[in-house]
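Working notes, beginning with the structure itself.
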Amino acid sequence: MKPLLRIFRRISLVAPLLLAAPCLAAPASAPASNKPPIHVEADRMVSMKNDNAVLFSGNVDAKQGQLVIRAAEMTVYYLSNEEKAKLPQSEERSLKKLFASGNVEIQNDGMTGTGDKMEYYEAERKMILIGNSKVWQDNNLVTGHTVVVFLDQGKSIVERGEKKGERVKAFFYPGGEGPQSGQQQ
245 MKPLLRIFRR ISLVAPLLLA APCLAAPASA PASNKPPIHV EADRMVSMKN
295 DNAVLFSGNV DAKQGQLVIR AAEMTVYYLS NEEKAKLPQS EERSLKKLFA
345 SGNVEIQNDG MTGTGDKMEY YEAERKMILI GNSKVWQDNN LVTGHTVVVF
395 LDQGKSIVER GEKKGERVKA FFYPGGEGPQ SGQQQ
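Here it is in structure tokens:
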């Protein structure tokens with residue numbers, strides 16, 4: 245499951261940059277980043293300053309390099325100035341948490357993950373796909389109700405749903421055989 249961790253690590257890179265949306269009027273002389281630019285498209289964006297959040301809704305499509313996140317809606321919560329002041333000086337971050345819902349799809353480096361919802365918590369570096377969760381890589385597939393990935397621990401957990409008969413399922417195809425990403429099992 246180490247490749248699964250890579251996809252979620254890359255998401256942790258894109259999420260703080262999504263916070264740049266409310267600062268679109270920043271000076272052009274801002275320092276350049278070594279990271280690829282982030283491109284977010286949606287039907288609507290609402291900045292909620294009192295909640296320290298930005299809501300993207302309607303066909304949300306966020307891209308950074310090879311990482312792509314698609315959802316019907318994505319809300320990015322960032323740290324308040326007071327919360328940032330409490331962080332150690334060595335830790336510079338703005339992201340608090342990120343929620344996505346509605347046909348969530350994450351693609352990165354040959355890996356695809358889907359679910360009804362996605363939650364990401366920066367302090368814990370924890371990513372959760374919830375509801376009809378599926379993760380593909382090289383035609384191999386793992387499914388369950390919930391997929392939880394602890395990015396810094398190299399640990400992931402796939403859990404079944406509560407309905408009778410729901411189980412975690414894994415399909416492994418040696419030699420690259422089997423169905424392609426996104427096909428039904």
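Going from the sequence shown to our numbering is simple: count from 1 and add 244. Ideal Cβ placement from N, Cα and C applies to all residues, glycine included.
Query	Result
What first and last residue would you give for the alpha helix (DSSP H) that runs through N383?	Premise fails: N383 is in no alpha helix (DSSP H) and is neither H nor E.
Measure the C-alpha to C-alpha separation of V320 and I401 and round it to an integer number of angstroms.	24 Å
Roughly how many angstroms lie between the CA atoms of K361 and T387, to the nearest whole one?	14 Å
In this structure, how does DSSP classify G359 when only helix, strand and coil are distinguished?	strand
Does DSSP put E317 in a helix, a strand or coil?	strand
Excluding the 5 residues flanking R314 on each side, which residues of the same chain have their C-beta closer than 6 Å to its C-beta?	D305, E349
Is it buried or exposed for G357, if we count other Cβ within 10 angstroms and need 16 for buried?	buried
Taking A329 as part of the alpha helix (DSSP H), name the residues at either end of that continuous run.	325-329
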